[in-house]
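This report concerns only the one structure given below.
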Amino acid sequence: MKLKVITGILLLLFVLIVSCQNDKGLDFNRYYSAGKLVYQNHCQNCHGENGEGLQALMPPLNDSVFLKKNIHILPCLVKNGFQGKITVSKRNFDWQMPPANLNYIEIAQALTYITNSFGNNLGTVTFEDVTAAMSKCK
Amino acid sequence: MKKLLTAIAIILVWSACKFNSNDKKLPIYGNRQAVTKVVNGQNVTDTVYQTIPSFKFINQYGDSISDKQLAGKIYVADFFFTSCPSICPIMQRNMLNVYNTYKNTGDVNILSFTIDPKYDSVKVLKKYADKLGVTGKTWWFLQGKKDATYTLAEKSYLVAVSKDTTVPGGYVHQGYFVLIDKQKRIRGSYDGTSPEQVTQLIDDIKTLKAEPASANTQ
Chain A
1 MKLKVITGIL LLLFVLIVSC QNDKGLDFNR YYSAGKLVYQ NHCQNCHGEN
51 GEGLQALMPP LNDSVFLKKN IHILPCLVKN GFQGKITVSK RNFDWQMPPA
101 NLNYIEIAQA LTYITNSFGN NLGTVTFEDV TAAMSKCK
Chain B
1001 MKKLLTAIAI ILVWSACKFN SNDKKLPIYG NRQAVTKVVN GQNVTDTVYQ
1051 TIPSFKFINQ YGDSISDKQL AGKIYVADFF FTSCPSICPI MQRNMLNVYN
1101 TYKNTGDVNI LSFTIDPKYD SVKVLKKYAD KLGVTGKTWW FLQGKKDATY
1151 TLAEKSYLVA VSKDTTVPGG YVHQGYFVLI DKQKRIRGSY DGTSPEQVTQ
1201 LIDDIKTLKA EPASANTQ
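Chains as they are written, first to last, in the working numbering: chain A, 1 to 138; chain B, 1001 to 1218.
Put into structure tokens, the structure is as follows:
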């Protein structure tokens, strides 16, 4: 009897853990696949189908170190646009990115997509992450 | 012997026909007019096609560029602006393929007219060209009076452009690449955002290059 209860509880715990993990995976997948569409409609023209950029005009999106280092300001850059000198993939860029007409969830989706494509693997950028970042925009 | 000659003749005629049917011709676009003149006491009707009128713009090097420099040359024209957030980067991505194919041939030019001459000064155009990796005298980024640019786009190259503050970047315009022949006639119009159509353009330029410069009538 005791054994049955313990097994039952363990089973419950197991199901809970698995489903939680699944939830995380599900969340990521949702952000990622929606992000792909946002990317195609709002970013791909400039940054390219494979995040390859365009000559010395548009930077590529495959520099994981750059993206990781700047992950907390990326929402601001995307939302408000920016210009100035930056170094991406050991190359210098100095043009301008226009502000994107996107809401926070779309920005989270787009950022999840780019930071987990083109050889990047930085995990989910959530709506909460973007909201927090946006409150600190310069 | 006679049989052999006949056989050769047949083969020759056949191959000539064959060659002819492969000899593809590009259409001529724009308005046309039938003009009848009297030659040696006889009425002769000729078709006169729409041509690109004379124009004068400044390129990214600060040089004045007019239709005179393009006399007898094939060129591709498009309309863009450097701060364009929508279709321009993808047009330039595709135009780079045209540029890379013909940059060393000397008889093909590319003319990218800015529709935002206020912002796109010669200096901005030069910076843009440099960053795109465009050098030499094949691809010109041209700046001129706004009215002249818009008239040229709509009346001559048949590409619609206009200011519209409700769209990103502030302008709507069509991303066509327009192919102009040695006689200043429109011979093709391609969606500059479609890699397939731009590949077709690259092919069609080859066809045009093979066309004799004096082939006025069709």
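Every residue, glycine too, gets a C-beta built ideally from N, C-alpha and C.
- A residue is called buried once 16 or more other Cβ atoms fall within 10 Å of its Cβ, and A/Asn-29, having fewer, is exposed.
- Excluding five sequence positions before and after B/Phe-1113, the CB atoms of its chain that fall closer than 6 Å to its own CB belong to Phe-1079, Leu-1142, Thr-1149, given in chain order.
- Boundaries of the beta strand (DSSP E) around B/Thr-1036: 1032 to 1039.
- Assignment of B/Asn-1043 by DSSP, reduced to helix, strand and coil, places it in the strand class.
- Going by beta carbons, B/Ile-1186 and B/Leu-1158 fall inside the 8 Å limit.
- Taken through DSSP and simplified to helix, strand or coil, A/Gly-25 comes out as helix.
- Counting only runs of at least 3 residues, the region 76 to 118 of chain A fully encloses the following beta strand (DSSP E) elements, listed from N- to C-terminal order: 86 to 88, 91 to 93.
- The beta carbon of A/Pro-59 sits no closer than 8 Å to any beta carbon of chain B.
- Here the alpha carbons of B/Ile-1028 and B/Val-1048 stand approximately 11 Å from one another.
- Here B/Cys-1088 is buried: its Cβ has 16 or more other Cβ atoms, across all protein chains shown, within 10 Å.
- Taking 8 Å as the Cβ-Cβ cut-off, the region 1089 to 1107 of chain B approaches chain A at Pro-1089, Ile-1090, Gln-1092, Arg-1093, Leu-1096, given in chain order.
- Between B/Asp-1067 and B/Ser-1086, the gap from beta carbon to beta carbon reaches 8 Å or more.
- Nearest in C-alpha terms to A/Val-78, of all of A/Gly-53, A/Cys-137, A/Thr-124, is A/Cys-137.
- When the five nearest sequence neighbours on each side are left out, the beta carbons in the same chain lying within less than 8 Å of the beta carbon of B/Val-1124 are those of Thr-1082, in order along the chain.
- In chain B, no part has a C-beta under 7 Å from the C-beta of A/Cys-76; the shortest such distance is about 18 Å.
- Relative to B/Arg-1032, the option among B/Ser-1156, B/Val-1122, B/Tyr-1099, B/Tyr-1102 whose CA is nearest is B/Ser-1156.
- Residue contact with chain B for A/Gln-83: absent (no Cβ-Cβ distance below 8 Å to any residue of chain B).
- Judged by beta-carbon spacing, A/Ser-89 lies within the 8 Å limit of A/Pro-60, meaning their Cβ atoms are closer than that value.
- Annotated three-state conformation of B/Phe-1079 is strand, per DSSP.
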